[in-house]
Structures are given as C-alpha cells and as structure tokens.
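Residue numbers (this note's numbering), protein chains in the order written: chain A, 1 to 182; chain B, 1001 to 1312. C-beta atoms are modelled at their ideal positions from N, C-alpha and C, and glycine is treated no differently.
This is how it looks when you write it as structure tokens:
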C-alpha cells in the first residue's frame, strides 16, 4: 500500500495492523453494546479522521443506534484576526435527552474534543461520552472524560486508518509510524 | 450566580433590557410592584398607594413592629438574592443595597432626553410635551426614592459597574454586554472564593500583559477553540521561611475555568521543565483540588501548526 503515500513520506513501521485494529474495534463495539443496552444512543463521528474507525465501530455495535457526523474548521471572524473554530458540518439527528458518544480518531491535547463537546452540550443531550481509537494520555491538557479508547499512544508520528499527513495517507488500512524522507 | 441591579431613566429601555435578561437567565425580576405585593404581608389599599407614591412612607414603622418598610424591603431583597441563582432587581435602590455584595453587578441604563421623549410619545401615542412631563416626573420619583431612603445620588457613577447608553445600542446589544460581564464576574468571584482562606494572591483585576509572544499565541489558540481562559489569575505560595515569609511561589500561565485546570507553558526553555514540574506538583499537594498541567514545547508546536493549518 505504499502507493497511497506521496513521495515525501515513508513508513518506518506498522504500529497497528488490520487484524489488531479490527479486534480492538470489535471489543470496543461489544463494550458499548453492553453499556448502552436498552438506552437511546447517538454516535457522532468527527470528520475526517474518524471516518474509518467510525464506520467499523458502528458496525460492531449490536444496538439500534443513530449515527451522524460533525465537522469543524476555521472561519474568519470580525473580532479576531486569526478567526475562530466553528462547526462546518453540524449534526442533523436530534440528540436531546439522548446518550451521545463522540467518536474521534485520536485525542492528544483534547482541545478539539473539548470544543466539540461544548458545542454538542448546547443541544441538551442526556450525557456525552468520548470514544477515541488513539489516546495520548500524557499530552492531555483538558480534563475530558475519555470513556473508551482503542490504544494508548506516545508522541510517534502516525498515519493511516483515517490519520493523515496533509490529507494524504488516510486510506491506509493500518496505522503506521512515519519517517520523513530527507 | 448573579444579582443584577438595574437603575434606569424613564424611556431608556431599562425595562426591556430587564425582560431580555430575564428570558436569557430564566430568572425573576423584582420590581416595586412585586415588592409591594409580596414583601409586607396584606397591606390595606391606602398603604400600598402611599408606598407607591411617597418614598418617605418607607421610613415609617409597620403596625405592631419596630421595623420600617425600608428595613423589610432591604431584608427581603437580601433573602431573595441569597436563595436564587440569578435575580434581577429593578430600581428599589438595589444598586445601593447590594453595593458591597461581591455577587452583584449594577447597571445604569440611560439615553438622551430627546430620545426618551421620542420613544415615550410614540409608544403611548402622546404628544412630546406630555412625554417630557412624564419622563421628568418618573426620573424625579426614582431619584427621590434613593435619596430619601439611602441618602445617595442615583445619578452618581460610583453606584454602577456598567452604564449603557441606549441612544445607539439596541436592547439585544445591551443584554449581550451584561451577559458577558456577569459571566466573567461570576467566574472571578468563584475563583476568588475558592482560595480566599489561604495565602493565594489574586491577580484577577490586573490587566493581561503577556510576558512573551508564546503565551500570546497560546491565548489565540484557546480563543480559536472558544475555550475561556484567564491569564495568570493567581500566585500560589509554595515555600515559606521559618518566619512565614514566602520563599517560593508559582503563577501558572493560564487557567481554564470550564475544565478547572491551570496550564503552565514550558516552551521557552526546556531546562526549566523539571523545575516547573516540581512546582506544579507542590501546588497540587498544597492546594488540594487544584489541577496544574504543563504544556510541553512539542504540544505547543503541534497546536501552533494546527492553528496555522486552520488559517491563523
């Protein structure tokens, strides 16, 4: 699958292969199925990084869940020369009084997760939980409650299964550590 | 939690502002008619009328009591304010009664006389002369009430935290300003109260002056994500000499109220990391419930990179 990457990127090693990811996603799906049995739950995937994880995870949940996706980006703002982060694709599903699980590809500092969580709070869900495939607990700056995570990571530079480098590499079916070609 | 006192000139849109704030905060407005109906028990109609018309009557004592109507007014307002999460007090000398209450925010709403006359004449379909007279009577009555009961000049700027001129500001703009103010004020009060019994030094009333461009850029990143922050709001003493003098203190760079966490940047020089980590640990040990995280150079660079990608 090295054709997926452009010339400036090369893989140092595969960190989580397809089987490892699939197995862990199935475990997470099973856990969510147990935790939310008999409850109304909405899973919200964060565009674009969580795309593959979200797709596989939701298929691994044996419950009548609703799904939606949310996207955010920088919008120019009159009161700030740098602009502000705003929702660019809002959810369409009603989450009022429902359990919500935000699904992320990776949580490092937690800044974007905190932002999305606070945006969704205004829609009055019953509660909001966080699920991320990758979590770097040593880098978390926010006190955000991550209920489910696939793998703990360190500071390695990862790509694949949704993670990108300038939009390249998301469609790798595994997660790999990058090394730069000099 | 906020106690909002509103003092207004007639025709200045003070009532409209109170209504707007009431719907945003989902709270009650205490007006003079509310006070007369609820504070003094069953009043004979003539007493209600006198209280409505004459400020001096508030200084008289209630039958079979040694308390005046003024005493009861103050007592009941304070009781209500202590029980409710948010409350709006319209007139009634609220700006004087709650002057020393740290939770209170006092607002003065005013507008040019010509604007007010114009508003009243159009609203009640009366001529300008009649509107002018009505405004003069109303303003005089409010001023007299505060002067007689509290010996204060209602037009004195000392009584207010915020003055809003509705000549050019809409009710919505004024409400936005008040909401922003009470949110910050409430937060500042909360942080002050948390550590008021120890030796923590509160810097919250100081201006924000960043010590280096990194801090400024970090603040911009937080702004970008709409995450509320305060810059160096407190200094935590962490080491004392035998006489109790402070030997070492720690002032974390940022406080994020929503996450109840202090952040200290270590991006300038990594040799300070160990020292800062130690100080952060000491703060968390000495001040239980206080969370401090170190923002490492790598985190900051990653955030700054993302910031640039977003167009910052």
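Asked: Which of helix, strand or coil DSSP assigns to residue 85 (chain A); Found: strand
Asked: Cross-chain neighbours of residue 115 (chain A) in chain B, by beta carbon under 8 angstroms; Found: 1225, 1226 and 1227
Asked: contact_flag[the stretch 1080-1090 of chain B, the stretch 1141-1154 of chain B] where n(CB pairs < 8 angstroms) is 3 or more; Found: no
Asked: Three-state secondary structure assigned by DSSP to residue 1279 (chain B); Found: helix
Asked: Classification of residue 108 (chain A) by the beta-carbon crowding that lies within 10 angstroms, buried from 16 upward; Found: buried
Asked: Meets three-Cβ-pair contact criterion under 8 angstroms: the stretch 1168-1187 of chain B and the stretch 1035-1054 of chain B; Found: no
Asked: Distance CB(residue 1029 (chain B))-CB(residue 1107 (chain B)) smaller than 8 angstroms; Found: no
Asked: Chain-ordered residues of the stretch 108-139 of chain A with a beta carbon less than 8 angstroms from chain B; Found: 108, 109, 111, 112, 114, 115, 118 and 139
Asked: Beta-carbon proximity list for residue 1066 (chain B), same chain, < 7 angstroms, skipping 5 on both sides; Found: none
Asked: Candidates B:1259, B:1053 and B:1097: closest to residue 1154 (chain B) by CA position; Found: B:1097
Asked: Helix, strand or coil at residue 40 (chain A) according to DSSP, with G and I counted as helix; Found: coil
Asked: Chain-order list of residues whose beta-carbon lies under 6 angstroms from that of residue 1112 (chain B) (same chain, five-residue window excluded); Found: 1167
Asked: CB of residue 1246 (chain B) within 8 angstroms of CB of residue 1279 (chain B), strictly; Found: no
Asked: Cβ pair residue 130 (chain A), residue 153 (chain A) closer than 8 angstroms; Found: no
Asked: Beta-carbon neighbours of residue 1250 (chain B), restricted to chain A and to distances below 7 angstroms; Found: Within chain A, no residue comes near residue 1250 (chain B); the closest Cβ sits about 18 angstroms away, beyond 7 angstroms.
Asked: Test: residue 1299 (chain B) CB closer than 8 angstroms to a CB of chain A; Found: yes
Asked: Element boundaries [alpha helix (DSSP H), containing residue 1208 (chain B)]; Found: Where residue 1208 (chain B) is concerned, there is no enclosing alpha helix (DSSP H), given that its DSSP letter is neither H nor E.
Asked: Which residues DSSP lists as bridging residue 1262 (chain B), in chain order; Found: B:1255 and B:1292
Asked: Proximity of residue 176 (chain A) and residue 14 (chain A) at Cβ, strictly below 8 angstroms; Found: yes
Asked: Beta-carbon gap between residue 184 (chain A) and residue 57 (chain A) smaller than 8 angstroms; Found: In this structure chain A extends from 1 to 182, so residue 184 (chain A) is not present and cannot be described.
Asked: Where residue 1236 (chain B) falls: helix, strand or coil (DSSP); Found: strand
Asked: Distance between residue 1093 (chain B) and residue 86 (chain A) (C-alpha atoms, nearest Å); Found: 43 angstroms
Asked: Coarse secondary structure for residue 1119 (chain B), derived from DSSP in three states; Found: helix
Asked: CB contact below 8 angstroms: residue 88 (chain A) versus chain B; Found: no
Asked: Near-chain B residues of the stretch 145-163 of chain A (beta-carbon distance less than 9 angstroms), N- to C-terminal order; Found: 155
Asked: Distance between residue 1231 (chain B) and residue 1284 (chain B) (C-alpha atoms, nearest Å); Found: 19 angstroms
Asked: Residues near residue 182 (chain A) by beta carbon distance below 8 angstroms, same chain, minus five either side; Found: A caution first: residue 182 (chain A) carries a pLDDT of 48, below 50, which makes its placement in the model too unreliable to give a value.
Asked: Pick from A:173, A:179 and A:71 that is closest to residue 22 (chain A), judged by C-alpha positions; Found: A:173
Asked: C-beta neighbour in chain A for residue 1310 (chain B), strict 8 angstroms; Found: Summary for residue 1310 (chain B): the model assigns pLDDT 49, below 50, so the residue's position carries little reliability, and this model does not support an answer.
Asked: Proximal residues to residue 1119 (chain B) (C-beta, below 7 angstroms), its chain only, five neighbours per side dropped; Found: 1011
Asked: C-alpha gap between residue 1214 (chain B) and residue 1221 (chain B), whole angstroms; Found: 11 angstroms
Asked: CB contact below 8 angstroms: residue 1292 (chain B) versus chain A; Found: no
Asked: Residue burial classification, residue 1311 (chain B) (beta-carbon count within 10 angstroms, cutoff 16); Found: The predicted position of residue 1311 (chain B) is uncertain, since its pLDDT is 40 and thus under 50; no value can be drawn from it.
Asked: Within chain B, partners of residue 58 (chain A) - CB distance below 8 angstroms; Found: Under the 8 angstroms cutoff, chain B gives no residues; its nearest Cβ is about 27 angstroms from residue 58 (chain A).
Asked: Candidates A:31, A:111, A:7 and A:32: closest to residue 139 (chain A) by CA position; Found: A:111
Asked: Nonlocal neighbours in the same chain, by C-beta distance under 7 angstroms from residue 1018 (chain B), ignoring five residues either side; Found: 1006, 1029, 1088 and 1090
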